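Each remark here refers to the structure printed beneath this line.
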Amino acid sequence: MEYLKYSIEDNTIAELLGVQNFSNDEAAVLELVKNAYDAGASVVKLEFVDKTTLKITDNGDGMDSEDIKKHWMHIGKSSKGYDFIDTNNNVRVQAGAKGVGRFALSRLGENIQLYSKKAQKDGVVWKTDWDKSTLDLDFSIENKGTCIIINNLREKWTLRRIEKLNKYLEKTYNDTAMKIRIIANEYDEFVKLHFPKPEPGKNCRSNIVLKYNKGILSVLVLSDEFDSEAIKYCSEMDLNIYKSEVNIFDEFEGNEIAEVEGEELFSQLEKLGGFSVNLLFNLNATKQDKEKFYINI
Ligand SMILES: Nc1ncnc2c1ncn2[C@@H]1O[C@H](COP(=O)(O)OP(=O)(O)O)[C@@H](O)[C@H]1O
Ligand SMILES: [Mg+2]
Numbered sequence: 002m003e004y005l006k007y008s009i010e011d012n013t014i015a016e017l018l019g020v021q022n023f024s025n026d027e028a029a030v031l032e033l034v035k036n037a038y039d040a041g042a043s044v045v046k047l048e049f050v051d052k053t054t055l056k057i058t059d060n061g062d063g064m065d066s067e068d069i070k071k072h073w074m075h076i077g078k079s080s081k082g083y084d085f086i087d088t089n090n091n092v093r094v095q096a097g098a099k100g101v102g103r104f105a106l107s108r109l110g111e112n113i114q115l116y117s118k119k120a121q122k123d124g125v126v127w128k129t130d131w132d133k134s135t136l137d138l139d140f141s142i143e144n145k146g147t148c149i150i151i152n153n154l155r156e157k158w159t160l161r162r163i164e165k166l167n168k169y170l171e172k173t174y175n176d177t178a179m180k181i182r183i184i185a186n187e188y189d190e191f192v193k194l195h196f197p198k199p200e201p202g203k204n205c206r207s208n209i210v211l212k213y214n215k216g217i218l219s220v221l222v223l224s225d226e227f228d229s230e231a232i233k234y235c236s237e238m239d240l241n242i243y244k245s246e247v248n249i250f251d252e253f254e255g256n257e258i259a260e261v262e263g264e265e266l267f268s269q270l271e272k273l274g275g276f277s278v279n280l281l282f283n284l285n286a287t288k289q290d291k292e293k294f295y296i297n298i
């Protein structure tokens, strides 16, 4: 018996996984932003150098020639785990996993040059026209990180389009661990946080934060919901803050709607990873405001 492997033309992969795989160009840029985030960068710069060139630079961990061969050129297999702690002690849940995100580059442009360097390693330059790819050492790169130059952009990136890209990233990226800066001619803006830091009483009525880790769900309710009158009736309670911890194993045990019980319930819950939920009620609350909320899982 013989084991067989698929072989496929480079430009077919680029067409299928890049040009056709992304619903729009903004989503393709987001994929490259996610890669910078996963590499632990504290800032990623998107620079529209001229009408046909976009340069994406991050100060993340970078890649060496082995990474390029093992990870960058290996399709459909991601080396990424679930989460990691970055150099500023932020927990980052890794955004990539499917191992095809880099093909966003082929959606965006016809030629790519990628310069990358890992700490204590020689820099590398990888180039492609989606038919042939080359790899060389580059001793001129000084700092760790990755810089991708996308030449012959397929789309026209007008100022309006760039502003739209900024709004798109604002809505889809909601983290403070890495900043996104967009530069084009006179334009130089950081992507803002779409949802401000919740401050009950200032910009929202209440905020509920749930965090789940290893069977324990912690609940924090911050609220500006009650009139000072209410304190008369609940004098022993703090109406602005409420905290509790729920043991989810106890919660599900003997619960009739849970389809699994006992040992099986325990092993199912063991498999559940950590998650958090942040609910904001009445953002920018005024008395007439309708209730608004968002969920961030
Ligand atoms: N900006 C970057 N900095 C460092 N490594 C990167 C960067 N972009 C991509 N890589 C490496 O290339 C691999 C492939 O990226 P990608 O196709 O987006 O797949 P995924 O993110 O799902 O792993 C990543 O797993 C990572 O090892
Ligand atoms: Mg990715």
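So the sequence shown is numbered by the working numbering: it starts at 2 and just counts up by one.
Note that beta-carbon positions come from the ideal geometry of N, C-alpha and C, so glycine has one too.
Values in this document were obtained by computation on a predicted structure and should not be read as measured data.
For residue i: DSSP bridge partner residues
i      : result
Ala185 : Phe49 and Tyr188
Leu154 : Gly110
Asn279 : Val210
Lys198 : Lys198 is not bridged to any residue.
Glu226 : None, per the DSSP bridge assignment.
Lys56  : Glu48 and Ile150
Ser219 : Lys212 and Glu246
Leu138 : Val125
Asp84  : Val94
DSSP three-state assignment for residue i, whether helix, strand or coil
i      : result
Ser107 : helix
Arg206 : coil
Trp131 : coil
Phe267 : helix
Tyr7   : coil
Tyr116 : strand
Asn214 : strand
Thr287 : Below a pLDDT of 50, predicted positions are generally treated as unreliable, and Thr287, at 46, falls in that range; the measurement from the model is reported next regardless. Coil, per DSSP.
Asn12  : helix
Ile163 : helix
Glu143 : coil
Glu32  : helix
Lys244 : strand
Phe23  : coil
Gly41  : coil
Gly124 : strand
Asp68  : helix
Lys99  : coil
Lys180 : strand
Asp251 : helix
Ile232 : helix
Glu171 : helix
Lys193 : coil
Lys272 : helix
Residues near residue i by beta carbon distance below 6 Å, same chain, minus five either side
i      : result
Gly100 : Gly77, Lys78 and Ser79
Lys168 : none
Gly124 : Lys118, Asp139 and Ile142
Gly202 : Asp225
Lys122 : Asp65
Leu18  : Val101 and Phe104
Ala42  : Asp59, Asn60, Gly61 and Met179
Ser219 : Lys212 and Glu246
C-alpha distance - residue i paired with residue j, whole-angstrom precision
i      : j      : result
Met179 : Phe85  : 14 Å
Glu32  : Glu237 : 50 Å
Ala40  : Asp62  : 5 Å
Ser229 : Ala120 : 57 Å
Leu166 : Ala29  : 11 Å
Arg162 : Asn283 : 31 Å
Ser8   : Glu271 : 40 Å
Arg93  : Asp51  : 33 Å
Leu240 : Leu194 : 29 Å
Gly274 : Asn214 : 7 Å
Val192 : Glu164 : 10 Å
Phe196 : Glu3   : 56 Å
Gly82  : Gln95  : 7 Å
Ile69  : Lys56  : 19 Å
Asp87  : Arg155 : 34 Å
Cys205 : Glu67  : 49 Å
Tyr38  : Lys71  : 20 Å
Phe23  : Lys172 : 18 Å
Thr159 : Thr177 : 27 Å
Asn25  : Asn279 : 28 Å
Sequence-distant residues of the same chain with beta carbon closer than 8 Å to residue i, five excluded per side
i      : result
Ile14  : Ile76 and Phe104
Gln114 : Val126, Trp127, Lys128, Ile149, Ile150 and Asn152
Asp11  : Thr129, Trp131, Asp132, Lys133 and Ser134
Ile242 : Leu221, Val222, Leu223 and Ser224
Ile217 : Glu246, Val247, Asn248 and Ile249
Asn144 : Asn60 and Lys118
Glu265 : none
is_contact[residue i, chain D] using C-beta, thresh 8 Å
i      : result
Ile183 : In the structure shown, chain D cannot be found, because there is only a single protein chain.
7 Å Cβ shell around residue i - same chain, five flanking residues per side excluded
i      : result
Val34  : Val45, Leu170, Tyr174 and Ile181
Gly97  : Lys35, Asn36, Asp39, Ser79 and Lys81
Ser107 : Ala15, Gly19, Val20 and Trp131
Determine contact between the region 171 to 191 and the region 43 to 54, defined as no fewer than three beta-carbon pairs at a distance below 8 Å. yes
Residues whose Cβ lies closer than 5 Å to any heavy atom of ligand 3, in chain order: Among the ligands in the structure shown, ligand 3 does not appear; only ligand 1 and ligand 2 can be found there.
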